Every structure is written in C-alpha cells, then in structure tokens.
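Chains as they are written, first to last, in the numbering used here: chain U, 1 to 261; chain S, 262 to 667.
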C-alpha cells in the first residue's frame, strides 16, 4: 500500500499543493489532467526525482519521503522510453537487477520471463536506437517490471505513440497488470486511456487533486463542471459548486480551498 | 547543322590558311616542324570537337572555343611553350565531353602551369574542393555548396603555409632528420608528455565537466569563465607565473626539489605547463558531451536501483565518451603544440616545438624546417587517427539518434 499524505512542492510559480492519495495493493490508478496541471511532476516526486517540501510518501509502512530514487523500488516508464542506447535490449531489461547485484541465474530467469511475457523475442537482437516507439516502450515496461517494483509509475507512456500502437500497448499493459497484479500509477491526459486501463481515477488541476475515487464513481458523479468537461460529460447537468463559475477558468482549482476534497 | 560537310571543309581550309600564313610570315614565330605539329593538333582538336559537340547548342560550342582561346592565350601568348600547348589542348578536347574531368583539367592547368611553384600544394586541395562541390550537387542547394566550397577555399588559404611547408623537404631529408638523436628524443618527449598531460587532465576534468553539466549553483557562470582562463592568458605570462611559483629558488620549487621532485628541467615541469594550457579544451568539450546525455537516462538508471556513481559509470560516461574523446584529442593537440610556456618554464629536456625554435635560432629556417615538417606530419597523423578512431566505436556511441531526442 502506498500513501501520499499532504504533499507540497513548489517550482517557482507552480506548486503541487496538498496532494493526498491512498493506493491499495494491486490497484491501477490513473491520474488525469490537462497539460501543465502538475501530474508528471507529482509522478516524479513519487519516484524521488524531486523531494517534497512538505508531506510524506509512505510505501508499505516505510517512509520514503527523503529516500533517493534508487532506494524506492519504483519502476518508472517515461514518455520517451529512455532506453539506454548503448546497451542491448536484453541488457536494458537486466539493468535494474544488475544494479541490485542480483545473481546471474536470477537475472537470466527474470529477463527471459519478461521477454516472453511482453513478446520481445523478435527484437532482442535489434540495436536499441532502431526500435520503433511502441517496441521501445514495451522494452521500457519490461525494464521497469524487472525490479519487481512496489509501484509501477507510467508517465504518459503512450503520448508519443501513434493510434494503433497505443491500442496495442494498452492491451499489453492491461494484460500485464492483470497477470502480475502490480500496483500502478498511470499519468495521462487522455480519458480514453484512463477508461481503458484504470480502476481508480484522480483528476488534477493546477497542482491539486480535484476529485478521486473508483473510476465508475468519478465518471458517474463528477463533482464540478471542470471534471465533467474533462471527462467528456455534459457539464450543464452538474451542480455548480459555490464560487466555481468565477474561478475555474481564471484561477483554476482555487474553488476547492485549503481543505480540498 | 544542315550541311555539315560544307562547314567541315570551311574550317579545315581556315586552319590550313592560318598555319600557311604563319609559315610564310616574314619572321615565323615557330619552326616549320612546330607549326606542322600545331596544325595537326588543331586538326585533331577540331575532329574531337566535332564528335563531342555534335547536336550541342551554340552556347556549348562557344564555351569550347572560349576554353581553347584561354588555353592559347595562356600557354602560347604568355608562356610561349608550343609542346605544352599541344599536350594540354589535346587533353582539353578529350575532356570536354565530361564536365567533371574538365573541371579537374582546369584545376590541373591552373596549378601546374599558372601556379607552377606551388603545383602540388594547390592542385591537391583545389581538386578536393572541386570534388566536394561535384559530389554534393544532388544532396544540397547551390547556395550551401557555394558556402561549403568558398569556406574550404578560404581555409586552404589559411592553412596554406602548413601545406606548403609539408611539401618542402624530400622524404630522404626527413628520414635523415628523423634518425638524428636529438630530434627523435625531442619528438618522443613531446608525444609522451602530452599524453601524460592529457591523462592527468582527464582525471579531474571529466568529473568537473560532469558536475558543471548537471548541477546549477550560484556563480556557475564565474566557474565556467575560470575554466577558460588558460586560453585567455598569454603563454609567456603563464610561463612566468609558473616560474615564480615553482621555478628554481621559489619556496615551493625548492621544497619539492628537496623532496626529490625537481620541477624545472624535468618531465614534470613540462607536464605541468601542458596541463595548464590544455585543460580548458577537455573541460568544455566534456561538459557539452555530458549535457547532450538526456537527464532521463540518469533518472531511469537511478529509479532502477543504480547509485549516482554507478549511473555515472554505466550511463553518463559511456554515452558522453565520444565527446570526451574529442575533448581529449583537442587537449592533447594543444599540449603538443605548447611552446611559449614551456620554453620559459621547462626548456630542458627539449620538446619538439622548443627544438624547432632553437634550431631556427642556431642555423635558420632551412635547418629547423625538416624538424618542423616531421612534427607536423606526426601530430597530424595522430590527430587524424584519433578522429577517425571514433568510427570504430560501438554503434550506439557513434550515432546517438532516435532515443537521444528526449
């Protein structure tokens, strides 16, 4: 279980404010929000690339708020796959295990298993820089899975892919999540992706989480016109929150006040 | 051409008339045999032109005549060398059908007839530039090609003293010079100390470059300027500064000498001077190389469990190695070429640049020239080997693309 407790972090003008989230074991959370809402920064804060100025990140009862990324056991998949171009596909997947000084036998077993699971046999011999976006992203997923992460962090993993490849990778991710039961946090701005993959949903706006919960619940009861619009629902049928109309466009997110959600 | 036979007959008659006129002139400019040879040459040229230029526009024919006239004016009117003219004009007629060859022919004439004293050193670069112009005709716009060739031409002019120098001595002279004990040892010393200096620089410059590429801190701009100081400081100033600090009689110098580490007059002194002048090249180039490695690779490596040091060794250093090698090559080249600082601070043992200088003072340019040429050739060879050696690197290092755009 992963718990984010009132995370704060400012980056000049922008700030992550008061982010609280409880992710149960095996849940697939999608964080949905427009560009610039801070969802990627939140993911990178969880991964340990930034340290929060306030708040706590607890993973399985262990406080990792200030731990460096290498002590967190979180698998990160970036928008650009960020495979190491000077290593082979196999060595890319094995990288995390080698860094953790796993014995050779275990490395081989794990990597071969992942290669089979994600259907990478045909591209094993290809030089990494020649892989297509979809292939590279599948290798990146395998690389992140190899360390058996407590939490799999997907940072817009499909934004750089074309439509068909995106659909294929969605199926792949859904299958992997189902078979391995990995706790996953998936950041995206696409509601189709969210609907296809997630079982839980958090909507972000201007550095805050506006609404969160089970995906059916959030989709059924958007709490304000912004959420409804973002989910592609008819906004007019939603009860407007007090002060919502003035602030949503000019000072987005401020309608929530300090005691958000 | 409706009536080719008439035209041919007219031209042949005209040729006969011209050469008869020359032969019957009161003071014929050539002997009758030369005149005869010229007549048959012209006949051949006309025949070749008639074959090559059949069904060509009158503009091309005009060009042909223009080229012929230029050759005639140059070789006959100015230089007055009929045999050369015969040779060139026959080649000209043969090459006219192939514009590439014609270009090389024009360059050949320019180098070997007009610029005769500099024949080889103009012919080689000019034909390379022309080849570049020709090769790029399909891949680049005319403007870009003109920029390229104009720039290369200017570069040739800049480097011309060196090209000219390299042509000055025979291989035999060079070999004899090479066999001289003092020359050989000076060149070896130069190569050795520069390599040592580059290695000594790399040990601290590569980590510094990594830090400068990855960390932002107040005053970073000042540190970056500080790195460049050795480029700015005149070499003689650097030499004096090193003498004051480490020279004989200085506190540090005599202390080190007491410890059995003599600075001036030893290898160590040369290496110190070379490190001083060469370090900026390595730091700056390596820094650019590290900056070109996407930060995401390092973040990915860290999140997979590698420590910052392991990430540096596994990811950043290999991916930046190409740039670092370029920087090391530059630093090495700078170290070899260092003279001003060494001649003041560590003039013995004698390095090659210092030897060229002392030989020049002792016996003039002709004595120091072969040494200079040797040094030039050896350094160029190593420099080229290092540059081309990079193409031997693994695929991913050689061609960072695709993934690298992140």
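Backbone N, C-alpha and C define an ideal beta-carbon position, used for all residues, glycine too. It should be emphasised that the depicted structure is a prediction, and the values quoted were computed from it without experimental measurement.
Within a 10 Å sphere around the beta-carbon of residue 428 of chain S sit fewer than 16 other beta-carbons, which makes this residue exposed. Residues 426, 427, 429, 430 and 435 of the same chain have their beta carbon placed closer than 7 Å to that of residue 634 of chain S, with the five preceding and five following residues left out of the count. For residue 579 of chain S, the chain U residues whose C-beta falls within less than 7 Å of its own C-beta are 86, listed in chain order. Within the stretch 262 to 316 of chain S, the alpha helix (DSSP H) runs of at least 4 residues that lie entirely inside it are, in chain order, 265 to 285 and 293 to 313.
Residue contact check for residue 560 of chain S against chain U: a CB pair falls below 8 Å.
For residue 95 of chain U, the closest C-alpha among the options S/520, S/582 and S/558 is that of S/558.
Per DSSP, residue 458 of chain S is not a residue of any beta strand (DSSP E); the alpha helix (DSSP H) it occupies stretches across 442 to 475. DSSP, reduced to helix, strand and coil, places residue 3 of chain U within a strand of the structure shown. Collapsing the DSSP output to three states places residue 368 of chain S in a helix. For residue 78 of chain U, the chain S residues whose Cβ falls inside 9 Å of its Cβ are 557, 560, 561 and 667, in order along the chain.
In the three-state reduction of the DSSP assignment, residue 421 of chain S falls in the helix class, which pools H, G and I. Residue 49 of chain U belongs to the set of residues whose beta carbon lies under 8 Å from a beta carbon in chain S. When DSSP states are grouped into helix, strand and coil, residue 130 of chain U belongs to the helix group. In the structure shown, residue 184 of chain U adopts extended strand secondary structure according to DSSP, grouped into three states.
Here residue 202 of chain U is bridged, per DSSP, to U/31 and U/212.
At a beta-carbon threshold of 7 Å, the residues of chain U lying near residue 576 of chain S are 84, ordered along the chain. Secondary structure note for residue 56 of chain U: its beta strand (DSSP E) is the uninterrupted segment 54 to 59.
For residue 77 of chain U, the three-state secondary structure derived from DSSP is strand. When Cβ-Cβ separations below 8 Å define contact, residue 138 of chain U makes no contact with chain S. Only those residues of the stretch 52 to 76 of chain U whose C-beta falls short of 9 Å from the nearest C-beta of chain S are listed: 68, 69, 70, 71, 72, 73, 74, 75 and 76. Assignment of residue 63 of chain U by DSSP, reduced to helix, strand and coil, places it in the strand class.
When C-beta distances to chain S are compared with 9 Å, the residues of the stretch 134 to 165 of chain U below that value are 136, 140, 143, 144, 146, 147, 149 and 153, in chain order. Taking 8 Å as the threshold, the shortest C-beta distance from residue 100 of chain U to chain S falls below it. Taking a C-beta cut-off of 8 Å against chain S, none of the residues of the stretch 21 to 39 of chain U qualify. Annotation: the continuous alpha helix (DSSP H) that includes residue 226 of chain U extends over 225 to 230.
Distance between residue 496 of chain S and residue 614 of chain S, taken at the CA atoms: about 14 Å.
Taking 8 Å as the cut-off, the Cβ atoms of residue 17 of chain U and residue 208 of chain U count as close. Inter-residue distance for residue 79 of chain U and residue 169 of chain U is about 13 Å (C-alpha atoms, whole angstroms).
By a beta-carbon distance limit of 8 Å, residue 641 of chain S does not contact residue 532 of chain S. Their separation comes to about 23 Å.
Residues of chain S whose Cβ lies closer than 7 Å to the Cβ of residue 96 of chain U are, in chain order, 565 and 566.
Not one beta carbon of chain U lies nearer than 8 Å to the beta carbon of residue 534 of chain S. Taking the Cβ atoms as the reference, residue 38 of chain U lies roughly 7 Å from residue 14 of chain U, within the contact range of under 8 Å.
DSSP, read as helix, strand or coil, puts residue 10 of chain U in strand. Restricting attention to alpha helix (DSSP H) runs no shorter than 4 residues, the stretch 510 to 587 of chain S encloses them at 512 to 519, 528 to 552, 556 to 564 and 569 to 572, ordered along the chain.
With distances taken between CA atoms, residue 230 of chain U lies nearest to U/194 out of U/155, U/194 and U/200. Under a criterion of Cβ atoms nearer than 8 Å, the residues of chain U adjacent to residue 571 of chain S are, in order, 99.
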